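Reviewing the structure listed below.
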Amino acid sequence: MNHELIESLKTLKDVQVVAVSKKRTKEQIEEVAKAGLRVFGENRVQEFIDKYDPAYTWHIIGHLQTNKVKYIIGKVDLIESLDSLKLAKEIEKYAARQDLIQDVLVQIKISNDPMKTGLPYEEAEEFLKSLQAYPHIRVRGFMCVATHTDDMNLVAEEFENMHTLYKSMKTIYPTIDTLSMGMSHDYKIAIEHGANMVRIGTAIFE
């Protein structure tokens with residue numbers, strides 16, 4: 003565990019750090035929590051269920067299958083990877099059953115990488131309008147994953163495009179207050195371009 007980095011991250015102003023705990027043990031998670039980071043992000047639902055501890059705040063940050071939604075509603079604080087109306091319908095159904103409002107981020111695909119998931123950038127505004135039909139879903143903002151490359155100018159450009167979208171939609175939808183972008187290798191650039199939530203795993207745990 004990188005104690006020096008954790009102490010540095012704790013000094014960030016107005017930036018929420020999500021410690022990405024995929025493939026980490028409960029003991030490792032507890033160690034990071036004791037060091038002061040208590041928001042954790044999981045990619046896979048089964049792994050999240052195995053590690054779930056209500057003492058911490060949990061985010062689902064990986065691609066979420068509709069048949070897994072029922073296992074996480076009421077446990078996960080934020081779903082960062084909403085990218086389709088099909089998924090929204092499932093979230094609405096199970097949130098309504100528990101009479102709760104589920105906070106979500108809409109995942110936007112800003113990279114040309116065919117392996118990356120997310121809603122096309124140009125469809126974001128129409129998608130947000132559609133989500134108004136789901137009273138048990140509260141859109142808090144956007145999440146994205148930049149191109150994995152050594153070209154930091156490209157990464158910065160993608161983050162800036164995302165920040166532009168965030169600012170424009172924030173003026174229309176008052177619940178929007180979160181822009182989640184940046185990981186271990188590019189979170190500093192993300193913060194420079196408006197991120198107020200970063201997802202860091204490798205750099206924290208190793």
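Position 18 (the sequence shown) corresponds to 20 in our numbering; numbering is contiguous.
Idealized CB from N, CA, C, for every residue including glycine.
Source: prediction; values computed, not measured.
Short Cβ contact (8 Å threshold) for residue i with residue j
i, j, result
"V2", "R201", "What the structure shows of the chain is the stretch from 3 to 208, and residue 2 is not part of that stretch, so it cannot be assessed."
"I110", "F161", "no"
"W60", "K77", "yes"
"G184", "A192", "yes"
"L130", "V106", "no"
"M138", "Q104", "Just to set this straight, residue 138 is His in the shown sequence, not Met. The answer is yes: Cβ separation under 8 Å."
"L167", "Y123", "yes"
"E127", "M164", "no"
"K24", "N45", "yes"
Residue i, buried or exposed, once every other Cβ within 10 Å from all chains shown has been counted against 16
i, result
"T177", "exposed"
"E94", "buried"
"E6", "exposed"
"G38", "exposed"
"A197", "buried"
Alpha carbon of residue i to alpha carbon of residue j, nearest angstrom
i, j, result
"E9", "E82", "25 Å"
"R26", "V147", "21 Å"
"E159", "E29", "38 Å"
"Q100", "F50", "19 Å"
"K53", "V20", "15 Å"
"L181", "L87", "20 Å"
"T151", "L121", "21 Å"
Bridge-paired residues (DSSP) for residue i
i, result
"M145", "Q109 and S182"
Whole runs of the beta strand (DSSP E) within the stretch 42–84, excluding any shorter than 3 residues: 59–62 and 80–84
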